[in-house]
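Notes follow the structure.
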Amino acid sequence: MTTDTKYPIYLDYSATTPVDPRVVEKMIPWLTHQFGNPASRSHAYGWDAEAAVENARAEVAKLVNCDPKEIVWTSGATESDNLAIKGAAHFYKTKGKHLITVKTEHKAVLDPMRELEREGFEVTYLDPEPDGLVDLEKFKAALRPDTILVSIMFVNNEIGVIQPIAEIGEITRAKGIVFHVDAAQATGKVEIDLAKLKVDLMSFSAHKTYGPKGIGALYVRRKPRVRLEAQMHGGGHEKGLRSGTLPTHQIVGMGEAFRIARLEMATENERIRMLRDKLLAGVQDLEEVYVNGDLEHRVPHNLNVSFNFVEGESLIMAMKELAVSSGSACTSASLEPSYVLRALGRNDELAHSSIRFTIGRFTRPEDIDFAVKLIKERIGKLREMSPLWEMFKEGIDLNSVQWAAH
Amino acid sequence: MAYSEKVIDHYENPRNVGSFAKDEEGVATGMVGAPACGDVMKLQIKVNKDGVIEDARFKTYGCGSAIASSSLVTEWVKGKTVDEAGSIKNTQIAEELALPPVKIHCSILAEDAIKAALADYRKKYGTEEAAQPAQRQAAD
Chain A
1 MTTDTKYPIY LDYSATTPVD PRVVEKMIPW LTHQFGNPAS RSHAYGWDAE AAVENARAEV
61 AKLVNCDPKE IVWTSGATES DNLAIKGAAH FYKTKGKHLI TVKTEHKAVL DPMRELEREG
121 FEVTYLDPEP DGLVDLEKFK AALRPDTILV SIMFVNNEIG VIQPIAEIGE ITRAKGIVFH
181 VDAAQATGKV EIDLAKLKVD LMSFSAHKTY GPKGIGALYV RRKPRVRLEA QMHGGGHEKG
241 LRSGTLPTHQ IVGMGEAFRI ARLEMATENE RIRMLRDKLL AGVQDLEEVY VNGDLEHRVP
301 HNLNVSFNFV EGESLIMAMK ELAVSSGSAC TSASLEPSYV LRALGRNDEL AHSSIRFTIG
361 RFTRPEDIDF AVKLIKERIG KLREMSPLWE MFKEGIDLNS VQWAAH
Chain B
1 MAYSEKVIDH YENPRNVGSF AKDEEGVATG MVGAPACGDV MKLQIKVNKD GVIEDARFKT
61 YGCGSAIASS SLVTEWVKGK TVDEAGSIKN TQIAEELALP PVKIHCSILA EDAIKAALAD
121 YRKKYGTEEA AQPAQRQAAD
């Protein structure tokens, strides 16, 4: 994470995080001499591995204040989302066929929803407000007598806004609707108290919180009990909800990562918030910069901004010394603007010219200073080159220009 | 997106960025593209009394290939007569910059920008043969 290597400065902690060295240290013995299968009941190798798995389960439960028995290991948040959404919809399909989610959800929620639509379920995709948040009145209005499941993420991966999960939970619980929350981006960033939140299913990922990739968990509430149809069949692990040999080292890593998050999140988030605010103040020195998403109901480490009059792809080229995410995914011939920013009502140009900066445990103040200096210099250069910026400066309303579309 | 070295060179060190005053003698402007499509190119040429393009400037809103294509054509049109500049083809631009197929439209836009600047020149100053200051004013 230093500036003097060939690697750019890493400001993409919402994509993934490095595994904390303290976590790595805990994981390694479970790959070598303590390699047992936690399902082996006949010898010490198995017993030790099982104890480690249960200790990690307790650590995950402690971070979110639930019973360890409510934690099911999965391969990550995508699998947790699939198990929660398809599993609940399939189990409760005789009660109703209507599901509700939001247009700004992660694809790991939207795609299972699409699949369920193909199976005959009906899905309402709510529009968020321009600040990215779900409006509770609009949410209530979308509920139907046959609504069986609602899935709304805790923290948005692109713009970092925190949805009103507690309020939504009150509404769904009163109506007996299953409420799933994708919390992949929330652990270690916001307080999660499942004893208070009326959430029935919650997805977790290790690698967004300084744990290893390839491991996650699903919280499945016991009181009142939520039932799921398993999506993975086999040896009946995890009480039949998710078969497959448990990867002890990964699980130990997730447990340790979540333990560290619980102990350190208060101080860490304050440090990160200061760095984020420093970055925000820096980019706000520039004109025509727009913050995407509400700044108050937002995790401390996220900053998503659009730079007007700068084209998305050249912006990415200009930021090559920074490892950041762009709202513009130029995969092939067509430049697809971020569907999340489009759902907020941002026009194509602003959606294309957005950059997501996400700060983390190993970001240093000098990294932010470097980033601010670079952004100012590069945006300035691209704008000097931009005919749209020139016209804006001359006071021409770009919407009044007759463009020759090509 | 893997760019050729030439594209990266033009992107990092663009040639002839800027603007001429629109009312400057011999200056013509072509602007093509649309913000919603992700590319807008403005090409300006400065033509002398002999109908030769003495200087050129560009400003481009667009991807690296669009910036490189417009930077390249400012170099190419310089020293050419108006007629010669009109014969520059997008295929030459695409070949010079080794543009991938998905970026061919950038070279087409650059060719269109030359044509638009030349059309503006003819509209403002009449034909090249009539390119005398007094007649230019008459043609306005």
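For the protein sequence lines, the chains are A and B, in the order given.
For the first sequence, position 102 (counting from the first letter as 1) is numbered 102 according to our numbering, and the numbering increases by one without interruption.
For the second sequence, position 103 (counting from the first letter as 1) is numbered 103 according to our numbering, and the numbering increases by one without interruption.
Just so you know, even glycine gets a beta-carbon here, dropped at the ideal spot from N, CA and C.
Taking one C-beta from the region 173 to 184 of chain A and one from the region 45 to 53 of chain A each time, how about it: are there three or more such pairs within less than 8 Å?
Flag = no, the region 173 to 184 of chain A and the region 45 to 53 of chain A do not touch.
Measuring CB to CB, does B:L118 end up less than 8 Å from B:G33?
Contact flag unset, no.
Against chain B, does A:A195 count as a neighbour if the rule is that its beta carbon must be under 8 Å from one of theirs?
A:A195 does not count as touching chain B.
The alpha helix (DSSP H) that contains A:I251, what's its start and end?
From DSSP, the alpha helix (DSSP H) with A:I251 extends over 248 to 283.
So with Cβ pairs under 8 Å, would you call B:V30 a contact of chain A?
Going by the sequence as given, residue 30 of chain B is Gly instead of Val. Closer than 8 Å: no.
Would you mind telling me which residues of chain B sit closer than 8 Å to A:A404, beta carbon to beta carbon, in chain order?
In chain order: V32, G33, A34.
Return the CA-CA distance between A:A261 and A:V24, expressed in angstroms with no decimal places.
So the alpha carbons of these two residues sit roughly 15 Å apart.
Ordered along the chain, which non-local residues of its own chain (more than five positions away) have a Cβ less than 7 Å from that of A:A186?
Excluding residues within five positions, the ones whose Cβ falls inside 7 Å are F154, V155, I192.
Taking beta-carbon pairs under 9 Å, can you tell me which members of the region 25 to 51 of chain A lie near chain B?
Within the region 25 to 51 of chain A, no residue qualifies.
Where in the region 45 to 133 of chain B do unbroken runs of the beta strand (DSSP E), each at least 3 residues long, occur, reported from the N-terminal end onward?
As far as the region 45 to 133 of chain B is concerned, its whole beta strand (DSSP E) runs of at least 3 residues are 53 to 61.
Spatial neighbours of A:G235 within its chain, please: C-beta separation below 8 Å, excluding the five flanking residues on both sides.
The residues are A39, S243, G244, T245.
Roughly how many whole angstroms lie between the Cα atoms of B:K78 and A:E384?
Rounded to the nearest angstrom, the two C-alpha atoms are 22 Å apart.
Check whether the Cβ atoms of B:P14 and B:S71 sit closer than 8 Å, and answer yes or no.
Yes, the Cβ-Cβ distance between B:P14 and B:S71 is below 8 Å.
Could you check if A:N157 is buried or exposed, using at least 16 other CB atoms within 10 Å of its CB as the buried criterion?
It is buried - the Cβ of A:N157 has at least 16 other Cβ atoms within 10 Å.
Reducing DSSP to helix, strand and coil, say where A:D367 ends up.
Helix at A:D367.
From the beta carbon of A:P387, is the nearest beta carbon of chain B less than 8 Å away?
Chain B, which has a Cβ nearer than 8 Å to the Cβ of A:P387, makes this yes.
On the three-state DSSP scale, how would you describe B:E24?
Here B:E24 sits in coil by DSSP.
Distance, Cα to Cα, A:E394 vs A:E377?
C-alpha separation (whole angstroms): 22 Å.
Among the residues of its own chain, which have a CB less than 6 Å from the CB of A:D131, if the five just before and after it don't count?
Counting only Cβ-Cβ distances below 6 Å, and skipping sequence neighbours, we find D294.
Quick check: what's the CA-CA separation for A:D20 versus A:G214?
A:D20 and A:G214: Cα-Cα distance of roughly 15 Å.
Once the 5 residues before and after B:G64 are set aside, which same chain residues still bring their CB inside 6 Å of it?
Around B:G64: Y3, V7, Y11.
Given a cut-off of 8 Å on the beta-carbon distance, is the pair A:I159 and A:N55 in contact?
Cβ atoms of A:I159 and A:N55: not closer than 8 Å.
Taking contact to mean 3 or more Cβ pairs, one atom from each stretch, closer than 8 Å, check whether the region 305 to 314 of chain A and the region 337 to 355 of chain A are in contact.
The region 305 to 314 of chain A is in contact with the region 337 to 355 of chain A.
I'd like to know whether the C-beta of A:S314 is nearer than 8 Å to at least one C-beta of chain B.
For A:S314, the answer is yes, since a Cβ of chain B falls inside 8 Å of its Cβ.
Starting from A:L398, follow its DSSP beta bridges and name the residues at the other end.
None, per the DSSP bridge assignment.
Closer than 6 Å by C-beta to A:L99: which residues in its own chain qualify, once you throw out the five before and the five after it? Chain order, please.
The residues are F121, V123, L149.
Chain B beta carbons: is any one of them nearer than 8 Å to that of A:H352?
Chain B contact via Cβ: present.
Which residues in chain B have a C-beta closer than 7 Å to the C-beta of A:E311? List them in chain order.
Correct list: G38, Y61, G62, C63.
Give the interface partners of A:L398 over in chain B, defined as CB-CB distance under 9 Å, in chain order.
Simply P35.
To which residues of the same chain is A:L63 closer than 8 Å at the C-beta, ignoring the five residues directly before and after it?
Cβ within range, chain order: T187, G188, I192, F258, R259, A261, R262.
By the three-class DSSP mapping on this structure, what secondary structure does A:F362 have?
Reduced to three states, the DSSP call for A:F362 is coil.
Any C-beta of chain A within less than 7 Å: which residues of the region 106 to 128 of chain B qualify?
Result list: L109.
Distance, Cα to Cα, B:E25 vs B:K115?
Those two C-alpha atoms are separated by around 19 Å.
Is the CB of B:I67 under 8 Å away from at least one CB in chain A?
True, the Cβ-Cβ gap to chain A drops below 8 Å.
Per DSSP, which one or two residues make a beta bridge with B:M41?
B:V32, B:T60, per the DSSP bridge assignment.
Which one of A:E59, A:H249, A:L201, A:R114 has the shortest CA to CA distance from A:R227?
Considering only alpha carbons, the answer is A:L201.
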